[in-house]
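Letter by letter, the first sequence follows residues 13 to 286 of my numbering. Cβ coordinates follow ideal geometry from the N, Cα and C atoms, glycine included. What follows is a single structure, written as structure tokens, with notes after it.
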Amino acid sequence: MPELPEVETVKNYLEPLLKGQSFAEIEILNPNLRIPVPDDLSEKLANHKIEQVTRRAKYLAIYLENNSVLVIHLGMTGKIFAHQELPDTDKHDHLLFRLNNGDYLRFNDVRKFGLVTYLNDNDLTKSKLFSHLGIEPLSDEFNGKYLREISKNSNLEIKKFIMEQKNVVGVGNIYASEALFLSRINPTRPSSKISQKDTDNLVKNIKGVLELAISKGGSTIKDYRLVTGESGYFQHEFKTYGKENNPCKICSTPIKKIVQGGRSTFYCPKCQKN
DNA sequence: AAACGCGCCTGCGGGC
DNA sequence: TGCCCGCAGGCGCGTT
13 MPELPEVETV KNYLEPLLKG QSFAEIEILN PNLRIPVPDD LSEKLANHKI EQVTRRAKYL
73 AIYLENNSVL VIHLGMTGKI FAHQELPDTD KHDHLLFRLN NGDYLRFNDV RKFGLVTYLN
133 DNDLTKSKLF SHLGIEPLSD EFNGKYLREI SKNSNLEIKK FIMEQKNVVG VGNIYASEAL
193 FLSRINPTRP SSKISQKDTD NLVKNIKGVL ELAISKGGST IKDYRLVTGE SGYFQHEFKT
253 YGKENNPCKI CSTPIKKIVQ GGRSTFYCPK CQKN
């Protein structure tokens, strides 16, 4: 899936398409997602004006005039395509949204780790999907002081720590590797062993890499596509992710691949010392 | 109670 | 060519 920059990019595309419109009908083609798509989705959401299109963590939260919220998560392979007329559907399409202006949105998800549902209450914190989520990485609350405070007593490896959604949301497997490289921190270093100065730097680099990726329209690897079907561009700027055995951009040492918590991690063993 | 590891599901590419 | 295995932007759950 899409990590935070990809979801933010989707949000930015959807906002002008949706804001002020309403859903005329939402057709469920296949309800079998991470949680089943509720039968009454269309009934609950249709014909209520769309007020806001937002992102929280890696979720899209689309607020309607009747206080309900359409919630979409793209999982690993979820995609949303926009069309100006009735599109052909393929076997991994799960929902087809028809807007009052005749546009369509198509939700496609090969691996079905995504979800589409609604909330009756627009206070996201009341939902089980959102209640446990930590702060946003691009917010002012996410700063070196905060990160050091929550990490200084943890022996969890730093890459796992920053990917933990209760600590900070939206930092996925790619951007965790990239931010640690930029910060010259070994991904296996215990969180407690990172100085305030290095923590400040890590926060700066997490924000920097996410913002840069957003500015490039996210990263396209395999399945992820922009709403328009175009690719994002940030994948061309990866310094470590997927670069096993390629020379480090700084010192030319071959990039190493290890596995942490079942996820691949890429880093430079020379630049990123423990 | 934090932390691990597994399962959810499908497709693709590499190795044999 | 074909089969089998490992791996993939995430996340929640049960178990230690």
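What residue from the options has the CA that sits closest to residue i's CA?
{"i": "D52", "options": "G254, N132 and S189", "result": "N132"}
{"i": "L192", "options": "L29, L30 and T277", "result": "T277"}
{"i": "L127", "options": "E161, L150 and L82", "result": "L82"}
{"i": "I270", "options": "V183, L145 and G254", "result": "G254"}
{"i": "A69", "options": "N120, T137 and E39", "result": "T137"}
{"i": "K23", "options": "E55, P50, A73 and G32", "result": "A73"}
{"i": "V49", "options": "K124, Y25, K216 and L76", "result": "K124"}
{"i": "L111", "options": "V122, Y158, I174 and L30", "result": "L30"}
{"i": "H106", "options": "G90, G114, H144 and D115", "result": "G90"}
{"i": "I262", "options": "D152, M88, Y245 and K282", "result": "K282"}
{"i": "S204", "options": "Y158, N258 and I170", "result": "I170"}
Contact defined as beta carbons within less than 8 Å: I believe residue i pairs with residue j. What is the distance between those atoms, to the nearest angstrom?
{"i": "T101", "j": "L41", "result": "6 Å"}
{"i": "K178", "j": "Q272", "result": "Wrong, their Cβ atoms sit about 18 Å apart, outside the cutoff."}
{"i": "R275", "j": "N185", "result": "5 Å"}
{"i": "R196", "j": "Q284", "result": "6 Å"}
{"i": "V180", "j": "L86", "result": "No, V180 and L86 are not in contact; Cβ-Cβ is about 19 Å, not under 8 Å."}
{"i": "G230", "j": "P17", "result": "5 Å"}
{"i": "S187", "j": "L222", "result": "Residue 187 is actually Tyr in this sequence, not Ser. Confirmed, Cβ separation roughly 6 Å."}
{"i": "D115", "j": "H104", "result": "With a Cβ gap of about 21 Å, D115 and H104 do not count as contacting."}
Helix, strand or coil for residue i, going by three-state DSSP, please let me know.
{"i": "L41", "result": "coil"}
{"i": "L150", "result": "coil"}
{"i": "H85", "result": "strand"}
{"i": "Y75", "result": "strand"}
{"i": "A58", "result": "coil"}
{"i": "A69", "result": "coil"}
{"i": "G220", "result": "helix"}
{"i": "P259", "result": "strand"}
{"i": "G156", "result": "helix"}
{"i": "K205", "result": "helix"}
{"i": "V49", "result": "coil"}
{"i": "T277", "result": "strand"}
{"i": "H104", "result": "coil"}
{"i": "I162", "result": "helix"}
{"i": "E249", "result": "helix"}
{"i": "I80", "result": "The sequence as given places Ser at residue 80; Ile does not occur at that position. Residue state, collapsed to three classes: coil."}
Below 8 Å between beta carbons: does that hold for residue i and residue j?
{"i": "T66", "j": "I226", "result": "no"}
{"i": "K61", "j": "P149", "result": "no"}
{"i": "G146", "j": "E15", "result": "no"}
{"i": "L108", "j": "A94", "result": "no"}
{"i": "P199", "j": "S189", "result": "yes"}
{"i": "A58", "j": "I38", "result": "yes"}
{"i": "N113", "j": "R201", "result": "no"}
{"i": "N79", "j": "N134", "result": "yes"}
{"i": "E249", "j": "I267", "result": "no"}
{"i": "K251", "j": "Y130", "result": "no"}
{"i": "Y295", "j": "L26", "result": "There is no way to answer for residue 295, as the model of the chain reaches only from 13 to 286."}
Just to confirm, does residue i get its C-beta within under 7 Å of one of the non-hydrogen atoms of the ligand SAH?
{"i": "K178", "result": "Questions concerning the ligand SAH fall outside what the structure shown contains, since it holds no ligand whatsoever."}
Any beta strand (DSSP E) of 3 or more consecutive residues that is wholly inside the segment 121-146: 127-131
Where are the alpha helix (DSSP H) runs, 4 residues long or more, that stay fully inside the segment 164-196, in chain order? You should have 170-175 and 185-194.
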